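Here is the structure we will look at, set down as C-alpha cells.
Numbering (this note's numbering), first residue to last: 5 to 178.
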C-alpha cells in the first residue's frame, strides 16, 4: 500500500470538481432530497466557486492517492478564510472527503495529520471542523482522535437547515 499527499493547484480544478461531487453525493444522497442535493452541489462545486477557493492563499487543498489512484482530498482554511470566526490561532478543516471504495483504509487519519502539520507550520494552536449531527461514523472517528464538540452551527442543504457540530482539537497548550 502506498499513500501520497500532494497540494492541489488551479490546474487540478476539474479533478477537484469531479471528486467533490462524487464524494459528497455518495455520502449524503440517501439523507437528502434530490433537489436540495442538486442545489447544494451546483452552489458549492461549480467551476467559478472552486476556482475562487483554489486562488485564496488562506485556503489549501490536498489530494490523497492510494496506490497512485486519487482517493480523496482535504481543504483547510486559515484566518479570514474560515467559515466561522474562530480566531487567527485556528485552522479549519472545511472538507475531508474520501471516495467510498477507499474508506476504512486509514486515509482519513493521513488527512487529519496533514491538517495538523499545516496548522503547526502556520503557528496555529487549534484545528476545528463542522460535522453533520447525523454523520455518526465521522463524529465517532473525530472523537476517537481527540476532537471534542464545542458548539454547533447551521448548514444549508438547499433550502433545508441542518445542524453541524463544531468539533475542536488543541494542538499546543495555550
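The C-beta atom is built at its ideal place from N, Cα and C for all residues, glycine as well.
In this text, all values refer to a predicted model and were calculated from it rather than measured experimentally.
Would residue i be called buried (16 or more neighbouring beta carbons within 10 Å of its own) or exposed?
| i | result |
| --- | --- |
| residue 66 | buried |
| residue 101 | buried |
| residue 11 | exposed |
| residue 167 | exposed |
| residue 24 | buried |
| residue 155 | exposed |
| residue 110 | exposed |
| residue 15 | exposed |
| residue 86 | buried |
| residue 149 | exposed |
| residue 76 | buried |
| residue 160 | exposed |
| residue 94 | buried |
| residue 89 | exposed |
Under 6 Å Cβ to Cβ from residue i, same chain only, skipping five residues before and after it: list those, please.
| i | result |
| --- | --- |
| residue 81 | 63, 96, 98 |
| residue 21 | 49, 54 |
| residue 71 | 6 |
Just list the residues that DSSP pairs residue i with in beta bridges.
| i | result |
| --- | --- |
| residue 172 | 132, 152 |
| residue 166 | 159 |
| residue 117 | Note: residue 117 sits in no beta bridge, so no partner. |
| residue 137 | In the DSSP output, where bridge partners are listed per residue, residue 137 has none listed. |
| residue 101 | 77 |
| residue 204 | No statement about residue 204 is possible, as the shown extent of the chain runs from 5 to 178 and does not include it. |
| residue 70 | 7, 73 |
| residue 24 | Beta-bridge pairing links residue 24 to no other residue. |
| residue 94 | 130 |
Using C-beta distances below 7 Å, list every residue in its chain close to residue i, excluding the 5 sequence neighbours before and after it, in chain order.
| i | result |
| --- | --- |
| residue 74 | 19, 23, 67 |
| residue 60 | 85 |
Give, in chain order, every unbroken run of the alpha helix (DSSP H) that is at least 4 residues long and sits entirely within the region 30-62. Fully enclosed alpha helix (DSSP H) runs of 4 or longer: 38-48, 51-59.
Taking contact to mean 3 or more Cβ pairs, one atom from each stretch, closer than 8 Å, check whether the region 36-55 and the region 124-135 are in contact. Touching, no, given that fewer than three Cβ pairs across the two stretches are closer than 8 Å.
Three or more C-beta pairs under 8 Å: does that hold for the region 32-41 against the region 109-117? Proximity of the region 32-41 to the region 109-117 falls short of the contact definition, fewer than three beta-carbon pairs being nearer than 8 Å.
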